[in-house]
Amino acid sequence: MLDGKKSLFSGMQATNTLTLGNYMGALRNWVDFEDEYETFYCVVDMHSITVRQDPAELRRRARALLTLYIAAGLNPEKNCIYYQSHVSAHAELSWILNCFTYMGELNRMTQFKDKSAKHTDNINSGLYTYPVLMAADILLFQSDIVPVGVDQKQHIEITRDIAERFNTIYGDVFTIPEPYLGKQGAKIMSLQEPEKKMSKSDENANATIFLMDDPDTIIRKFKRAVTDSDNTIRSTEEKPGIKSLIEIYCIATGKTIAETEKEFSSAGYGDFKLAVGESVVSMLKPIQDEFHRLEKEKDYIDGIIKGNAEKANYYATKTLRKVQKKVGFPERIR
Ligand code: ATP
Ligand code: LTN
């Protein structure tokens with residue numbers, strides 16, 4: 000809770016262009032909260048450097064991601080959209096929380112295990128303490144809910160554990176956050192290996208739809224999507240490829256699974272894949288158009304970056320000062 004209003008925090012890394020998974024699992028859900036919650040949507044550029052980045056490219060991607068948040072429908076007057084690196088309280092709280100997090104807990108994080116297996120030449124301690132910085136992000140804003148995809152649930156759980164531990168020692172300092180998973184789309188699957196989640200960093204370009212892909216590329220990738228040989232459009236666990244395409248189609252069109260199965264009851268996979276591709280093209284077109292328009296509005300975007308960082312900084316510093324006092328740091332002399 001912040002000033003008597005419920006509070007929400009979420010963020011994404013500026014590591015690559017966003018995927019359909021990022022959109023359907025997270026970003027799409029974010030636009031529903033602006034009236035009921037004090038919302039903070041962060042471009043987590045500090046998390047991004049846990050894997051090596053080209054500096055110019057990181058700066059460009061961070062700005063594109065911030066612009067895409069707005070293009071996808073977040074009103075920057077109502078939602079606080081900002082860069083993590085512009086609010087130093089993230090790093091300061093993260094240090095304190097490191098001292099309340101056990102190595103045994105961090106050793107269990109599946110994202111750390113996956114990423115360190117992938118980047119064997121750079122298993123740095125930032126990658127290891129990544130969840131602690133994430134806990135700081137969430138707890139700084141006294142967040143009640145954190146809308147994310149399924150893969151991030153474990154990080155919200157460790158955030159809750161750290162917050163409860165801190166509260167047990169020092170009293171009611173932090174709000175304990177809940178993960179918020181959308182009813183559909185919390186885990187969009189790879190188009191090439193439908194048992195695996197769709198990921199930004201997949202080496203096979205055909206496995207992933209990027210939000211900025213052009214219509215021909217989108218249709219081509221869906222046409223090549225891996226399915227089974229049964230040729231009936233039905234959503235079951237035994238048919239993960241088709242199940243995932245049906246889910247994507249339902250989200251893109253607003254139809255139910257039953258309506259979709261009925262609509263394609265006499266169609267084959269070829270026709271269905273084309274229809275899924277077309278539905279995604281239509282869903283993404285307005286976002287892509289708005290992104291290209293906003294990209295040119297330099298002063299407008301700069302104003303949002305500045306104003307929202309100030310707002311985030313105000314709330315974040317308030318929590319940080321409270322925490323610093325609780326752990327026993329000397330008061331500032333004014
Ligand atoms: P990477 O491949 O670099 O690990 P990613 O594609 O998994 O990246 P993140 O930046 O880790 O993306 O995730 C941003 C948000 O999108 C998170 O809330 C995450 O849960 C959600 N998300 C990521 N992939 C999917 C997916 N396939 N389906 C649903 N939600 C997803
Ligand atoms: N780890 C998240 C990004 C992230 C985040 C957060 C999400 C960083 N801090 C706080 C929600 C709340 C990811 O999607 N990879």
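The sequence shown runs 0 to 333 under numbering that gives the first Met the number 0.
Positions of the beta carbon are idealized from the N, C-alpha and C atoms, including for glycine.
Owing to the predicted nature of the structure, the values given are computational and were not obtained by experimental measurement.
Exercise. Quick one: is the Cβ of residue 6 within less than 8 angstroms of any heavy atom of the ligand LTN?
Worked result: Start at 1 with the first residue of the sequence shown, and residue 6 comes out as number 7. For the ligand LTN, not one heavy atom lies less than 8 angstroms from the Cβ of residue 6.
Problem set entry | Own chain residues within Cβ distance below 7 angstroms of residue 131, not counting five before or after | The residue you call residue 131 lines up with position 132 of the sequence shown. Taken in chain order, the residues that qualify are 93, 96, 97, 100.
Exercise. Could you give the distance in angstroms between the alpha-carbon of residue 153 and the alpha-carbon of residue 111?
Worked result: Reading the sequence shown from its first residue, position 154 is the one you call residue 153. Reading the sequence shown from its first residue, position 112 is the one you call residue 111. Those two C-alpha atoms are separated by around 11 angstroms.
Exercise. In whole angstroms, what separates the C-alpha of residue 77 from that of residue 273?
Worked result: Stepping through the sequence shown from its first residue, residue 77 is reached at position 78. Stepping through the sequence shown from its first residue, residue 273 is reached at position 274. Taking the straight line from one Cα to the other gives about 37 angstroms.
For this session: May I ask you to report which of helix, strand or coil DSSP gives residue 130?
Result: To locate residue 130, count along the sequence shown from 1; it is residue 131. Helix.
Exercise. Can you tell me the Cα-Cα spacing of residue 285 and residue 217, whole angstroms?
Worked result: Sequence index remark: in the sequence shown, residue 285 carries index 286 (1-based). Sequence index remark: in the sequence shown, residue 217 carries index 218 (1-based). Near 15 angstroms, if we compare the C-alpha coordinates of residue 217 and residue 285.
Exercise. Taking 8 angstroms as the cut-off, is the CB of residue 12 close to at least one heavy atom of the ligand ATP?
Worked result: As a first step, residue 12 must be located in the sequence shown, where it is residue number 13. Yes, the Cβ of residue 12 comes within 8 angstroms of a heavy atom of the ligand ATP.
Problem set entry | Other residues of its chain near residue 1: CB distance less than 8 angstroms, five sequence neighbours each side excluded | Taking the sequence shown and counting its residues from 1, one reaches residue 1 at position 2. Beyond the five residues adjoining it in sequence on each side, residue 1 comes within less than 8 angstroms, by CB distance, of 37, 140, 141, 314 in the same chain, given in chain order.
Exercise. To the nearest whole angstrom, what separates the beta carbons of residue 123 and residue 235, a pair I think is in contact under 8 angstroms?
Worked result: One-based indexing of the sequence shown puts residue 123 at position 124. One-based indexing of the sequence shown puts residue 235 at position 236. Going by Cβ atoms, the distance from residue 123 to residue 235 rounds to 42 angstroms, so no, they are not a contact pair.
For this session: Would you identify the three-state DSSP class for residue 123, choosing helix, strand or coil?
Result: In the sequence shown, the residue the question calls residue 123 occupies position 124. Residue state, collapsed to three classes: coil.
Exercise. Just to confirm, are residue 226 and residue 241 a CB contact at a threshold of 9 angstroms?
Worked result: In the sequence shown, residue 226 corresponds to position 227, counting from 1. In the sequence shown, residue 241 corresponds to position 242, counting from 1. Yes, Cβ-Cβ distance for residue 226 and residue 241 is below 9 angstroms.
Exercise. For residue 27, does the count of other Cβ atoms within 10 angstroms reach 16, so buried, or fall short, so exposed?
Worked result: Position 28 of the sequence shown, counted from the start, is the residue given in the question as residue 27. Classification for residue 27: buried.
For this session: Rank 300, 14, 41, 13 by C-alpha distance to the C-alpha of residue 7 and give the top, closest one.
Result: Walking along the sequence shown from the start, residue 7 turns up at place 8. Looking at the Cα atoms, 41 is the closest of the given residues.
Exercise. In chain order, what residues of the same chain have a beta carbon less than 6 angstroms from the beta carbon of residue 230, not counting five sequence neighbours either side?
Worked result: Locating residue 230 in the sequence shown gives position 231, where the first residue counts as 1. Cβ neighbours of residue 230 beyond the five flanking positions: 267, 268.
For this session: Report buried or exposed for residue 60, applying the criterion of at least 16 other Cβ atoms within 10 angstroms of its Cβ.
Result: If you number the sequence shown from 1, residue 60 lands on position 61. It counts as buried.
Problem set entry | Status (buried if at least 16 other CB within 10 Å, exposed otherwise) for residue 220 | Taking the first residue of the sequence shown as 1, we reach residue 220 at position 221. So residue 220 counts as buried.
Exercise. Within the 9 angstroms Cβ cut-off, does residue 135 reach chain D?
Worked result: In the structure shown, chain D cannot be found, because there is only a single protein chain.
Exercise. Looking only at C-alpha atoms, which of 127, 164, 115 sits nearest to residue 138?
Worked result: Translated into the one-based positions of the sequence shown, residue 138 becomes position 139. For the residues 127, 164, 115, the minimum Cα distance to residue 138 belongs to 164.
Problem set entry | Whether residue 200 touches residue 325 by CB criterion (9 angstroms) | Position 201 of the sequence shown, counted from the start, is the residue given in the question as residue 200. Position 326 of the sequence shown, counted from the start, is the residue given in the question as residue 325. Taking the C-beta atoms as reference points, residue 325 is found no nearer than 9 angstroms to residue 200.
For this session: Figure out for me which residue from 47, 29, 196 has the closest Cα to the Cα of residue 39.
Result: For this step, residue 39 is matched to residue 40 along the sequence shown. The shortest C-alpha separation from residue 39 is found at 29.
Exercise. Would residue 264 be called buried (16 or more neighbouring beta carbons within 10 Å of its own) or exposed?
Worked result: Locating residue 264 in the sequence shown gives position 265, counting from the first residue. Classification of residue 264: exposed, given that the 10 Å Cβ count is below 16.
Exercise. Which stretch, first to last residue, makes up the alpha helix (DSSP H) that contains residue 79?
Worked result: Here residue 79 refers to the residue found at position 80 of the sequence shown. From DSSP, residue 79 is part of no alpha helix (DSSP H) but of the beta strand (DSSP E) over 78-82.
Exercise. Any idea if residue 299 is buried or exposed, counting beta-carbon neighbours within 10 angstroms, 16 or more meaning buried?
Worked result: Here residue 299 is taken as the residue at index 300 of the sequence shown, counted from 1. Result: exposed.
Problem set entry | Beta-bridge pairing of residue 198 - partner residues as DSSP gives them | Against the sequence shown, residue 198 aligns to sequence position 199. Bridge partners of residue 198: none, in fact.
Problem set entry | Residue of 31, 63, 5 minimising C-alpha distance to residue 13 | Reading the sequence shown from its first residue, position 14 is the one you call residue 13. Of the listed residues, the one whose Cα sits closest to residue 13 is 63.
Problem set entry | Contact under 9 angstroms by Cβ, residue 147 with residue 83 | Against the sequence shown, residue 147 aligns to sequence position 148. Against the sequence shown, residue 83 aligns to sequence position 84. Judged by beta-carbon spacing, residue 83 lies beyond the 9 angstroms limit of residue 147, meaning their Cβ atoms are not closer than that value.
Exercise. Residue 210: beta carbon under 8 angstroms from a heavy atom of the ligand LTN?
Worked result: In the sequence shown, the residue the question calls residue 210 occupies position 211. Outside the cutoff, so no.
Exercise. Do the CB positions of residue 244 and residue 22 come within less than 9 angstroms of each other?
Worked result: As a position in the sequence shown, residue 244 is number 245, starting the count at 1. As a position in the sequence shown, residue 22 is number 23, starting the count at 1. Result no, Cβ atoms of residue 244 and residue 22 do not sit closer than 9 angstroms.
For this session: Spatial neighbours of residue 16 within its chain, please: CB distance less than 6 angstroms, with the 5 preceding and 5 following residues excluded, ordered by chain position.
Result: Looking up residue 16 in the sequence shown gives position 17. Once the five neighbours on either side are set aside, the close Cβ partners of residue 16 are 209, 211.
Exercise. Sorted by chain position, which residues of the same chain lie with C-beta nearer than 7 angstroms to residue 9's C-beta, five sequence neighbours on each side aside?
Worked result: By one-based count along the sequence shown, residue 9 stands at place 10. Excluding sequence neighbours, residue 9 sits near 25, 29, 40, 145, 146, 147.
Problem set entry | Sub-9 angstroms separation of residue 20 and residue 198 beta-carbons | Along the sequence shown, read from residue 1 onward, the residue named residue 20 stands at position 21. Along the sequence shown, read from residue 1 onward, the residue named residue 198 stands at position 199. In this structure, residue 198 lies closer than 9 angstroms to residue 20 by Cβ.
Problem set entry | Cα-Cα separation between residue 134 and residue 128, rounded to whole angstroms | Position 135 of the sequence shown, counting from 1, holds the residue named residue 134. Position 129 of the sequence shown, counting from 1, holds the residue named residue 128. Near 10 angstroms, if we compare the C-alpha coordinates of residue 128 and residue 134.
Exercise. Is the beta carbon of residue 133 within less than 8 angstroms of some heavy atom of the ligand LTN?
Worked result: Your numbering for residue 133 matches position 134 in the sequence shown. Yes, Cβ of residue 133 sits closer than 8 angstroms to a heavy atom of the ligand LTN.
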